[in-house]
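Engineer: Here it is: the structure, laid out below.
Number of protein chains: 2
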Amino acid sequence: MAGERAATLSDVAREAGVSLATASRALNGSDRVVRPELQERVLAAATKLGYTPNANAQAMARGSTETVGLLVKDIADPYFSTIAGGLADEAEKHGLLVMLCNTGGQAEREQKFLAALRRQRSRAIVLAGSDTTDMGHTREVADLLTSYLDGGGRAAAISQPRLPVDTVVIDNHGGAKALAERLVGLGYRRAAVLTGPEDLLVSTERHAGFAEGWLEATGSKPAYVADEFSRDGGHRAMSRLLEDGPEADCVFAVNDLMAVGALAACRQAGVEVGKDLAVAGFDDIATLRDVTPGLTTVRLPLADIGRLALELVLGEPSAELRKQSVHGEVVLRESTPPRS
Amino acid sequence: MAGERAATLSDVAREAGVSLATASRALNGSDRVVRPELQERVLAAATKLGYTPNANAQAMARGSTETVGLLVKDIADPYFSTIAGGLADEAEKHGLLVMLCNTGGQAEREQKFLAALRRQRSRAIVLAGSDTTDMGHTREVADLLTSYLDGGGRAAAISQPRLPVDTVVIDNHGGAKALAERLVGLGYRRAAVLTGPEDLLVSTERHAGFAEGWLEATGSKPAYVADEFSRDGGHRAMSRLLEDGPEADCVFAVNDLMAVGALAACRQAGVEVGKDLAVAGFDDIATLRDVTPGLTTVRLPLADIGRLALELVLGEPSAELRKQSVHGEVVLRESTPPRS
DNA sequence: GGCGATTGGGAAAGCGCTTTCCAATACGGT
DNA sequence: ACCGTATTGGAAAGCGCTTTCCCAATCGCC
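This is the structure:
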């Protein structure tokens, strides 16, 4: 059985006693009409032979594929996996296959993947989470993307409006600012921010948004500690903050993962969050909705963002760059009770 | 610029003043030697023209691709996304691209994806989490897989040893059994299991393993409540259990997600986990390591499992089906303190 | 009934690459 | 010098499909 090579369209045509052209037309249905009788004969022959079209050959002949590429920093991170889930569902609806590219945040890998997707003649590319402020790399990516676009490809980005493509803009600034305002409204007066590395756009945007809101509402600037944009980063940052003596009554970690690390650090230090100190995060990661105390955060419609990005990249190409804004919604939970 | 179609190998050859064959050889390096001088000329021409090989054409000519397919039930589920992360990293090392197929647990979609991957002439397919006890569907999948294998493809599964392919067998039974023993060792005497749907293999295996361990150690059979294999399922199941009056001093949820739902249900019902009741899960999902109380669970090396699966599927094909076992490790945390 | 207008099938030309198979040149040994 | 043997470049045959283009057959209409 392993001997007989896969049936090709010619085999089907021969079996059905028609020409190659007719066989192709009968199977694709599309362009021109085939007499029903022949049509059936071809279909029958195809099933009999267990024919499977060769997508690569089709891609060659048609000059277009059925795949879209998705670049994420780390698919194991719930932020990205949720986005990926939404995008994958949408892709399925369109009959598209998703190429998952896990960049690990390495510029070099990102470029390699971009090149690979170009080679594959993938129909579209969605970039999520490669927003760095490293201009050298951004330029490099932009160039690759441009030549990909020139070749007829389509691309969109999530959250990084610095790339020359359509993008789903996440209102990090606004969300964080709104959060700051709500916290001040709850009675908090001295804030600290646990932020990620400086060259990470999401992180700096959220930090800046929060700081702006806080400044406008209280007239003072929040302190901050920077570390990794991860659970452990949050843990370390919070520990350092606590060591230095917590001047703050309220801490904003720029994402939920860091916030959870911070929660753990507080627990270990004997600081009771929700009483001695308030903590808030950003993203509203589903698996983290049950931590205790319930984490105040800014909810992002992550799955929708993935869906949106695909719609954007698949939609009618337009002359000017499209920006699709997505806003977060502050969700107050027990980690930031009203302050008496 | 959008006008000039992408440079082809012929263009490169012409530009370099060599034949198509030479150009191809110069670029791939492999099979035969090309005079260094020509080699350089070709390379120069390629960069000058911004040449990108067409992977589809290469696939056609070579008869093999650079992609592997990964089927998961839900990429947004941290269990799968962690596996996917490990697999993606490994794939990157091998220069392979990953096709992500999100089946949503729907048999029909799973089959569609399998067909699509076959059409793409994917080098290999890894199936994760399609382990159902629905024999009809399993049979169908097995058939598709068999014809894929006959066509020269390679496939491996994760956790479902009922498919006729190499598989990374997760010792769900043993892990759950070990957990049961440890819990009994801690002093617990009456257990209840929160389990998923009956046709979900992981769920039934874990349930059975736990029940076996419990029975052997205490002589009694744990009660159980079935619901969805998710956070909400765990929440509902636990609520029901509490309503019926908790005969149990210890609850095993067959995965961490359900366990977290259970934790939430307890909190809402005023039951203090770690004191009034013990709760344990399975998987040791990273993002859940900071819930309170710390969740006792069975740690699975998820990322390694993904890596292993790819290695398995890429390794030397062997006559008999290979099974690569992976065992979990019980991790005791505060949710199951020693019982005085 | 005759004519142009449809209609539907088939031959064949690619799509962009790899890889035989050949030919030509260079090299070594005696 | 001469012949056999490596080398290395090129022509061309595919890989499996789509799609023009062409042609025969059928249709409709005056």
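Here the protein sequences come in this chain order: A and G.
The first sequence runs 1 to 340 under this note's numbering.
The second sequence runs 1 to 340 under this note's numbering.
Cβ atoms here follow ideal geometry from the backbone N, Cα and C, with glycine treated the same way.
These figures come from a predicted structure and were not determined experimentally.
1. For PHE80/G and MET60/G, what's the separation of their Cα atoms in angstroms?
2. Leaving out the 5 sequence neighbours to the left and right, which residues in its chain are closer than 7 Å to SER335/A when beta-carbon positions are compared?
3. Tell me which same chain residues have a C-beta within less than 6 Å of the C-beta of GLY213/A, skipping the five on either side of it?
4. Tell me which same chain residues have a C-beta within less than 6 Å of the C-beta of ALA124/A, skipping the five on either side of it?
5. Around the Cβ of SER24/G, are there at least 16 other Cβ atoms within 10 angstroms (buried) or fewer (exposed)?
6. Indicate whether at least one CB of chain G lies closer than 8 Å to the CB of ASP143/A.
7. Do you know whose CA, among GLN39/G, ARG5/G, ASN28/G, lies nearest VAL18/G's CA?
8. Any contact between the stretch 40-52 of chain G and the stretch 92-109 of chain G? By contact I mean 3 or more CB pairs, one from each, below 8 Å.
9. When you check each C-beta in the stretch 219-241 of chain G against every C-beta of chain A, which residues fall closer than 8 Å?
10. List, in chain order, every chain A residue whose beta-carbon is nearer than 8 Å to that of ASN255/G.
11. Figure out for me which residue from VAL72/G, PRO78/G, LEU71/G, ASP74/G has the closest Cα to the Cα of ASP74/A.
12. Does any residue of chain G bring its CB to less than 8 Å from the CB of ILE285/A?
13. Please list the terminal residues of the continuous beta strand (DSSP E) segment that includes LEU49/G.
14. Is the beta carbon of ARG206/G closer than 8 Å to that of VAL254/G?
15. Under a CB-based cut-off of 8 Å, is ILE125/G close to chain A?
16. From GLU311/A to LEU87/A, what does the alpha carbon distance come to, in whole angstroms?
17. Could you tell me which of LEU215/A, ALA57/A, GLY245/A, PRO36/A sits nearest to THR8/A, measuring between CA atoms?
18. Can you give me the C-alpha to C-alpha distance between PRO222/G and VAL98/G, rounded to a whole angstrom?
19. Can you find a C-beta in chain A that's less than 8 Å from the C-beta of ASP290/G?
20. Express the C-alpha separation of THR146/G and GLY328/A in angstroms, rounding to a whole number.
21. List the residues of chain A whose Cβ lies closer than 8 Å to the Cβ of SER24/G, in chain order.
22. Helix, strand or coil, according to DSSP, for ASP227/A in the structure here?
23. Return the chain-ordered ranges of every alpha helix (DSSP H) run that is complete within the stretch 136-197 of chain G and spans a minimum of 4 residues.
24. For LEU321/A, does the count of other Cβ atoms within 10 angstroms reach 16, so buried, or fall short, so exposed?
25. Does the distance from the CB of ASP171/G to the CB of VAL326/G come in under 8 Å?
26. What are the boundary residues of the beta strand (DSSP E) that includes ALA56/G?
27. Per DSSP, which one or two residues make a beta bridge with GLY69/A?
28. Count the other CB atoms, across all protein chains shown, that sit within 10 Å of the CB of ALA21/A; report buried if there are 16 or more and exposed otherwise.
29. With a Cβ-Cβ cutoff of 8 Å, do ALA269/A and TYR224/A count as a contact?
30. In chain order, what residues of the same chain lie with their CB nearer than 7 Å to the CB of LEU186/G, ignoring the 5 residues before and after it?
31. Which whole-angstrom value describes the C-beta separation of GLN120/G and THR65/G, a residue pair presumed to lie in contact below a C-beta threshold of 8 Å?
32. Should VAL126/A and ALA303/A be called a contact, given that it needs their Cβ atoms to be closer than 8 Å?
33. Quick one: does ALA44/G have its CB under 8 Å from some CB of chain A?
34. On the DSSP bridge assignment, give the partners of PHE252/A in chain order.
35. Under a CB-based cut-off of 8 Å, is ASP74/G close to chain A?
36. Taking MET99/A as the query, report the chain G residues whose CB atoms sit under 9 Å from its CB, ordered along the chain.
Structural biologist: The short version:
1. Taking the first residue of the second sequence as position 1, residue 80/G is located at position 80. Taking the first residue of the second sequence as position 1, residue 60/G is located at position 60. Cα to Cα, the separation comes out at about 32 Å.
2. Mapped onto the first sequence, residue 335/A falls at position 335. Same-chain partners within the cutoff: VAL273, GLY274, ALA278, VAL279, ALA280, PRO293, GLY294, LEU295, THR296.
3. Translated into the one-based positions of the first sequence, residue 213/A becomes position 213. The answer, listed in chain order, is LYS177, ALA180, GLU181.
4. Counting from one through the first sequence, the residue named residue 124/A turns up at place 124. Closer than 6 Å at Cβ, skipping near neighbours: VAL68, ARG154, VAL313.
5. As a working note, residue 24/G is residue 24 in the second sequence. By the 10 Å Cβ count, SER24/G comes out buried.
6. Residue 143/A sits at position 143 when you count from the first residue of the first sequence. Not one chain G Cβ lies under 8 Å of ASP143/A.
7. Position 18 of the second sequence, counted from the first residue, corresponds to residue 18/G. Nearest option by C-alpha distance: GLN39/G.
8. no
9. ARG231
10. Within the second sequence, numbered from 1, the residue matching residue 255/G stands at position 255. In chain order: nothing, as chain A lies at least about 12 Å away.
11. Taking the first residue of the first sequence as position 1, residue 74/A is located at position 74. Here the closest residue by C-alpha is PRO78/G.
12. Along the first sequence, read from residue 1 onward, the residue named residue 285/A stands at position 285. Yes, its Cβ sits closer than 8 Å to a Cβ of chain G.
13. Position 49 of the second sequence, counted from the start, is the residue given in the question as residue 49/G. From DSSP, LEU49/G is part of no beta strand (DSSP E) but of the alpha helix (DSSP H) over 36-49.
14. One-based indexing of the second sequence puts residue 254/G at position 254. One-based indexing of the second sequence puts residue 206/G at position 206. Yes; because the gap between Cβ atoms is below 8 Å, this pair is in contact.
15. Translated into positions along the second sequence, residue 125/G becomes position 125. Interface with chain A (8 Å Cβ-Cβ cutoff): ILE125/G is excluded.
16. Taking the first sequence and counting its residues from 1, the one referred to as residue 311/A is at position 311. Taking the first sequence and counting its residues from 1, the one referred to as residue 87/A is at position 87. Rounded to the nearest angstrom, the two C-alpha atoms are 9 Å apart.
17. Residue mapping note: residue 8/A aligns to position 8 of the first sequence, counting from 1. The residue with the shortest Cα to Cα distance from THR8/A is ALA57/A.
18. For the purposes of this step, residue 222/G is taken as residue 222 along the second sequence, with counting starting at 1. For the purposes of this step, residue 98/G is taken as residue 98 along the second sequence, with counting starting at 1. Straight-line Cα distance between these residues: approximately 42 Å.
19. Taking the first residue of the second sequence as 1, we reach residue 290/G at position 290. Taking Cβ atoms only, chain A reaches closer than 8 Å to ASP290/G, which makes this a yes.
20. Residue 328/A sits at position 328 when you count from the first residue of the first sequence. Residue 146/G sits at position 146 when you count from the first residue of the second sequence. Their backbone Cα atoms lie some 47 Å apart in a straight line.
21. The count along the second sequence starts at 1 and reaches residue 24/G at position 24. Ordered by position in chain A, no residue passes the 8 Å Cβ test against SER24/G, which lies about 15 Å from the chain.
22. Stepping through the first sequence from its first residue, residue 227/A is reached at position 227. In this structure, ASP227/A counts as coil in the three-state DSSP scheme.
23. 172-185
24. Here residue 321/A corresponds to residue number 321 of the first sequence, with the count starting at 1. Exposed, by the Cβ-count rule.
25. If you number the second sequence from 1, residue 171/G lands on position 171. If you number the second sequence from 1, residue 326/G lands on position 326. For ASP171/G and VAL326/G, yes; Cβs fall inside 8 Å.
26. Counting from 1 along the second sequence, the entry for residue 56/G is found at position 56. Per the sequence shown, residue 56/G should be read as Asn rather than Ala. That residue, ASN56/G, is in no beta strand (DSSP E); its alpha helix (DSSP H) goes 55-62.
27. Translated into the one-based positions of the first sequence, residue 69/A becomes position 69. According to DSSP, which records beta bridges pairwise, GLY69/A is partnered with MET99/A, ILE125/A.
28. Locating residue 21/A in the first sequence gives position 21, where the first residue counts as 1. Exposed is the call here.
29. Stepping through the first sequence from its first residue, residue 269/A is reached at position 269. Stepping through the first sequence from its first residue, residue 224/A is reached at position 224. The answer is no: Cβ separation not under 8 Å.
30. As a position in the second sequence, residue 186/G is number 186, starting the count at 1. Cβ neighbours of LEU186/G beyond the five flanking positions: THR336, PRO338, ARG339.
31. The count along the second sequence starts at 1 and reaches residue 120/G at position 120. The count along the second sequence starts at 1 and reaches residue 65/G at position 65. 7 Å between Cβ atoms; contact.
32. Mapped onto the first sequence, residue 126/A falls at position 126. Mapped onto the first sequence, residue 303/A falls at position 303. Cβ atoms of VAL126/A and ALA303/A: not closer than 8 Å.
33. One-based indexing of the second sequence puts residue 44/G at position 44. Not closer than 8 Å to any Cβ of chain A, the Cβ of ALA44/G fails to qualify, so no.
34. The residue you call residue 252/A lines up with position 252 of the first sequence. Within the DSSP bridge table, the entry for PHE252/A names VAL193/A, ALA280/A as partners.
35. On the second sequence, position 74 is the one that residue 74/G refers to. Interface residue, yes.
36. Looking up residue 99/A in the first sequence gives position 99. Those within 9 Å of MET99/A in chain G are THR67, LEU97, VAL98, MET99, LEU100.
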